[in-house]
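Visitor:
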Amino acid sequence: MPRPEAQAPPEIFYNESEARKYTTSSRVIEIQARISERALELLALPDDGVPKMLLDIDVALERETEGDLLLADMGEGLGLRPGVIDGAISISAVQWLCNADKSDHEPRLRLKAFFGSLYRCLARGGRAVLQFYADNMEQSEMLMSFAMKAGFAGGVVVDWSHSSKAKKSYLVLTCSSPSVHTSLAKGKGQNGEMCSDDDDESIDDQT
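Under the working numbering, think of the first position of the sequence shown as 2, with each following residue one higher.
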C-alpha cells in the first residue's frame, strides 16, 4: 500500500475518518505518545526550573489539546518571531515536504523555507527533534542537507535500525553553526536492546 504522503496532500489524506484513528484508537494513541516521549528525550531540555516555550509541528487534533494553536503550511515557513522558541518537536510530518502535492509545490523550496524559518525562530542553542519516515535514502539526505544549509548542526538518530516496522528516524538539530561539534544520542537497539517488529509499528503502516 502506498505511503500516506504518496496518496494525497495531508489536508485531504487526514480526513475525518483518518483523523478519528488518532483520537479513538488506543493503539495509535499509545504509539504516538511513545514516539513523542522519545522526541522529548532527544530534545534534552535543561531541567533548570525555567519555563520553556515548546513548538509542536504536527497536525493538531481535537483531543485535549493544550497551548496556542496556529494553522499554517510548514512548507511556506513558520510565521514566528526570531528566537522565541526554546525547543521544537515534530512527529511524522517533515517527510510530506519531500512531495509536490500541488502544481506550485517545489520540494526543495519548501524544505528551504521550513528549515530556514525553524532556525530563525529557535533561541540560540535551542534544539529541534523531527521524527520522520523517509521513503528512501535520498529523502533522508535531502532533509539533512537543507537543515545544514539553514545553519543547524546535528544528525540523524535511528532507533531499532534492524527492525522493519519498529525502526524510527529522528533528525536531531541544534541551533548553532554546523562547524560546532554536537554529540548525538545513540539510537535505541544499539546497546543489545531487543525489540520485536510488533512492539512499535509505524503509524504509517496502520493508516
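Just so you know, even glycine gets a beta-carbon here, dropped at the ideal spot from N, CA and C.
Just so we're clear, the structure is a prediction, and the values are computed from it rather than from any experiment.
When DSSP labels each residue in this structure, what does Ala154 get in the three-state scheme?
Guide: strand
Visitor: So, at 6 Å on beta carbons, what are the nonlocal neighbours of Thr175 in its own chain, with the 5 sequence-adjacent residues on each side left out?
Guide: Arg128, Ala154, Gly155, Thr183
Visitor: For a quick check, are the C-beta atoms of Lys169 and Gln132 less than 8 Å apart?
Guide: yes
Visitor: Would you call the region 64 to 83 and the region 42 to 49 touching, i.e. three or more CB-CB distances under 8 Å?
Guide: Contact fails: fewer than three Cβ-Cβ distances are below 8 Å.
Visitor: Taking the CB atoms as reference points, tell me whether Ala124 and Asp87 lie closer together than 8 Å.
Guide: Taking 8 Å as the Cβ cut-off, Ala124 and Asp87 qualify as a contacting pair.
Visitor: Determine the burial state of Met75: buried for a count of at least 16 other Cβ atoms within 10 Å of its Cβ, exposed for fewer.
Guide: buried
Visitor: Quick check on DSSP: helix, strand or coil for Val51?
Guide: coil
Visitor: Quick check on Asp69: buried or exposed, where buried means 16 or more other Cβ atoms within 10 Å of its Cβ?
Guide: exposed
Visitor: Tell me which same chain residues have a C-beta within less than 6 Å of the C-beta of Tyr171, skipping the five on either side of it?
Guide: Leu43, Val130, Gln132, Val158
Visitor: Let's see if you can read the secondary structure: which residues bound the beta strand (DSSP E) around Ala89?
Guide: Note, Ala89: beta strand (DSSP E), 86 to 92.
Visitor: To which residues does DSSP link Gln33 through a beta bridge?
Guide: Gln33 is not bridged to any residue.
Visitor: If you run the structure through DSSP and keep just helix, strand and coil, what is Met171?
Guide: In the sequence on display, residue 171 carries Tyr and not Met. Three-state DSSP puts Tyr171 in a strand.
Visitor: DSSP three-state label for Ala124, please.
Guide: DSSP places Ala124 in strand when its eight states are reduced to three.
Visitor: Taking the alpha carbon of Lys187 as the point to measure from, which residue in Ser177, Ala167, Ser162 has its own alpha carbon closest?
Guide: Ser162
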